[in-house]
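S.K.:
Residue numbers (the working numbering): 687 to 863.
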């Protein structure tokens with residue numbers, strides 16, 4: 687089986703995908719081209735998540751339905767947010783304990799991070815997932831993802847497109863914003 691990489695745009699019209707190479711798109715009116723991208727799932731999700739005060743259509747300020755971090759990243763994220771004046775988490779923020787949870791004799795060697803995460807979830811209104819209960823992406827898929835939602839996570843491979851969710855994996859500072 688050969689996989690062909692498409693290097694140009696693709697339009698969806700009349701119930702089929704039309705690659706630009708076919709040249710058919712040249713006959714599309716400007717309005718048809720605009721409607722082509724406006725009828726995508728991505729456009730629909732982004733349009734529904736533009737935050738108030740977004741500067742323009744080129745630089746979107748987005749609001750997310752949920753945030754997610756694991757125990758390697760949430761300590762720095764929460765400390766930065768606290769230093770920036772955090773009073774409450776603005777949307778559901780899931781703090782999982784699945785990346786830094788060694789099963790050692792006598793318990794984990796990262797218990798202080800987990801205690802910090804729990805206290806932050808209680809204080810700021812987060813969702814705390816104890817060690818050995820769930821992995822970040824499993825939890826997010828089962829509890830937070832859904833058609834038309836947007837999630838941002840501090841784990842680089844935060845992706846839930848198969849569930850109709852636009853999810854983005856970013857660094858901790860992006861979650862703090």
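Just so you know, even glycine gets a beta-carbon here, dropped at the ideal spot from N, CA and C.
Let me know the secondary structure DSSP gives residue 759 once reduced to three states.
M.R.: coil
S.K.: If you draw a straight line from the alpha carbon of residue 859 to that of residue 763, how long is it in whole angstroms?
M.R.: 7 Å
S.K.: On the premise that residue 782 lies in contact with residue 820, defined as a C-beta separation below 8 Å, what is that separation, rounded to the nearest angstrom?
M.R.: 6 Å
S.K.: What whole-angstrom Cβ distance do residue 813 and residue 776 have, given they're in contact under 8 Å?
M.R.: Not confirmed; about 14 Å, so no contact.
S.K.: For residue 769, list the residues DSSP reports as bridge partners.
M.R.: Per DSSP, none; premise fails for residue 769.
S.K.: Return the bridge partner residues of residue 645 from the DSSP annotation.
M.R.: Absent from the structure is residue 645, since the part of the chain shown begins at 687 and ends at 863.
S.K.: So, helix, strand or coil for residue 829, using DSSP?
M.R.: helix
S.K.: Below 9 Å between beta carbons: does that hold for residue 827 and residue 810?
M.R.: no
S.K.: Tell me the residue span of the beta strand (DSSP E) that contains residue 839.
M.R.: 836 to 839
S.K.: Using 9 Å as the threshold, is the C-beta distance between residue 755 and residue 849 below it?
M.R.: no
S.K.: Identify every residue that forms a DSSP beta bridge with residue 781.
M.R.: 755, 814, per the DSSP bridge assignment.
S.K.: Quick one: Cα of residue 758 to Cα of residue 701, how far?
M.R.: Going from the Cα of residue 758 to the Cα of residue 701 covers about 45 Å.
S.K.: Taking DSSP's pairing of strands, which residues face residue 736 in a bridge?
M.R.: 748
S.K.: Just list the residues that DSSP pairs residue 850 with in beta bridges.
M.R.: For residue 850, which the question treats as bridged, DSSP gives no partner whatsoever.
S.K.: For residue 857, which of helix, strand or coil comes out of DSSP?
M.R.: coil
S.K.: I need the straight-line Cα distance from residue 822 to residue 699, nearest angstrom please.
M.R.: 38 Å
S.K.: Under 9 Å, do residue 761 and residue 799 count as touching if we go by C-beta distance?
M.R.: yes
S.K.: Could you check whether residue 829 and residue 735 sit closer than 9 Å to each other, using their CB atoms as the reference points?
M.R.: no
S.K.: Taking all protein chains shown into account, decide if residue 697 is buried (16 or more other Cβ within 10 angstroms of its Cβ) or exposed.
M.R.: buried
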